Amino acid sequence: IFFSGKRVPSYLIGLGMYVIENLLPSIADSISVSSNELLKIAEKKIKNKKYLIKVPVGASHYSITQDSVELIKKKYNLTGINQIYIGQLHGGQYAELLIRACLKLKASGIQTKTLIVGDGYDKPRLENIVKELNLENEVIFTGAVLHEHIPAYLKACDIAIACFEKNNITASKSPLKIAEYISAGKAIIAHHIGEVSDMVNDAAILISPDDKDSLYNAILSLHKEPQKIKELENKACLRYKELTWDKSAEKINALFSNLSR
């Protein structure tokens, strides 16, 4: 992803990845990873497994003003129950699946909007799909947004979406968007892949990446039973206490303390 669109010879990319994945772990005193899949790989790179630790990404809680939230609602004409997706726009994030779920919502008579917040090389293709499906009023691309403004965007919407393709990369990820959704106390719908289930615990609706209708069905269920949105919000607020950067720092500090003994 980092090298996408850059004129870098492939052999240099391969060399850089070799250094990161093989040489650096061999000289490190400890390794912290963000997922079980990466932990399995790291176990092959370091002899003493007691120097390994899994530390998923965390999030911080930001204070926001109601005025900033209302400005976003007014800008995008948000009323009723709406969805939001935050993240890079490339194939592995599977934003296209969300767009096609929006088409089914429209066909079902659900009046709602979905904000897609972020940028990436796949954005032009996704925008074309939205135009072809005549969803310009239902799906709104905001473009890249400053990180400090993200909490207000989350607060302005009701359902936070995290959809991923099923592949080795997503299976190894600890998605930052999940932590940010939880820190914002959102009702979350996410694909059951990689570290997602461990991160959310029971604070989300987990859907199968093998069932393309599962995202639409999950969104529809929250529109039909809006009380479940509040239930998920409450669970997210409780779960956030275990997903702060302070918690991550505590785990790493504990590892360093053991190393110094």
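With my numbering as the guide, the letters of the sequence shown map in order to residues -17 to 243. Every residue gets a Cβ at the ideal spot worked out from N, C-alpha and C, and that includes glycine. Computed from a predicted structure; not experimentally measured.
What three-state label does DSSP hand residue i in the structure shown?
| i | result |
| --- | --- |
| Lys95 | coil |
| Lys194 | coil |
| Ile35 | strand |
| Ala41 | strand |
| Ala89 | helix |
| Ser239 | helix |
| Thr152 | helix |
| His174 | coil |
| Asn30 | coil |
| Gln48 | helix |
| Glu78 | helix |
| Glu19 | helix |
| Leu202 | helix |
| Glu261 | There is no way to answer for residue 261, as the model of the chain reaches only from -17 to 243. |
| Leu60 | coil |
| Leu136 | helix |
| Leu158 | helix |
| Glu118 | coil |
| Asp180 | helix |
| Glu25 | helix |
Distance, Cα to Cα, residue i vs residue j?
| i | j | result |
| --- | --- | --- |
| Pro133 | Gly69 | 13 Å |
| Ile28 | Ala77 | 36 Å |
| Tyr58 | Ser(-8) | 42 Å |
| Asn235 | His129 | 27 Å |
| Glu232 | Ala153 | 25 Å |
| Arg107 | Leu79 | 13 Å |
| Thr47 | Ala138 | 11 Å |
| Thr61 | Lys55 | 7 Å |
| Tyr245 | Glu215 | Residue 245 is absent from the model: the chain starts at -17 and stops at 243. |
| Ala218 | Ala169 | 7 Å |
| Ser50 | Tyr198 | 29 Å |
| His282 | Asn240 | A question about residue 282 goes unanswered here, because the residues of the chain that appear run from -17 up to 243. |
| Ala126 | Ile66 | 14 Å |
| Lys105 | Ala10 | 38 Å |
| Asn30 | Ile151 | 26 Å |
| Ile187 | Lys26 | 34 Å |
| Ser190 | Leu202 | 16 Å |
| Ile314 | Pro7 | Any answer about residue 314 is impossible in this case: the structure gives the chain only from -17 up to 243. |
Can you check DSSP and say which residues form a bridge with residue i?
| i | result |
| --- | --- |
| Ile141 | Gln65, Ala169 |
| Phe123 | Ile98 |
| Lys55 | According to DSSP, which records beta bridges pairwise, Lys55 is partnered with nothing at all. |
| Ser14 | Ile35 |
| Thr226 | Ala41 |
The alpha helix (DSSP H) that contains residue i, what's its start and end?
| i | result |
| --- | --- |
| Ser(-8) | -8 to 0 |
| Ile111 | 105 to 114 |
| Leu220 | 209 to 221 |
| Leu128 | Where Leu128 is concerned, there is no enclosing alpha helix (DSSP H), given that its DSSP letter is neither H nor E. |
| Leu5 | Premise fails: Leu5 is in no alpha helix (DSSP H) and is neither H nor E. |
Along the chain, where does the beta strand (DSSP E) containing residue i start, and where does it finish?
| i | result |
| --- | --- |
| Leu188 | 187 to 189 |
Across the segment 172 to 181 and the segment 17 to 24, are there enough close Cβ pairs to call them in contact, namely three or more that are closer than 8 Å? At 8 Å Cβ cutoff, the stretches touch.
Kindly confirm or deny that the segment 178 to 195 and the segment 106 to 114 touch, where touching means at least three C-beta pairs closer than 8 Å. Output reads no: the segment 106 to 114 does not touch the segment 178 to 195.
Pairs of beta-carbons, one from the segment 87 to 106 and one from the segment 161 to 168, closer than 8 Å: are there three or more? Counting Cβ pairs under 8 Å, fewer than three are found: no touch.
Between the segment 34 to 42 and the segment 213 to 231, can you find at least three pairs of beta-carbon atoms closer than 8 Å? With the cut-off at 8 Å, the segment 213 to 231 and the segment 34 to 42 touch.
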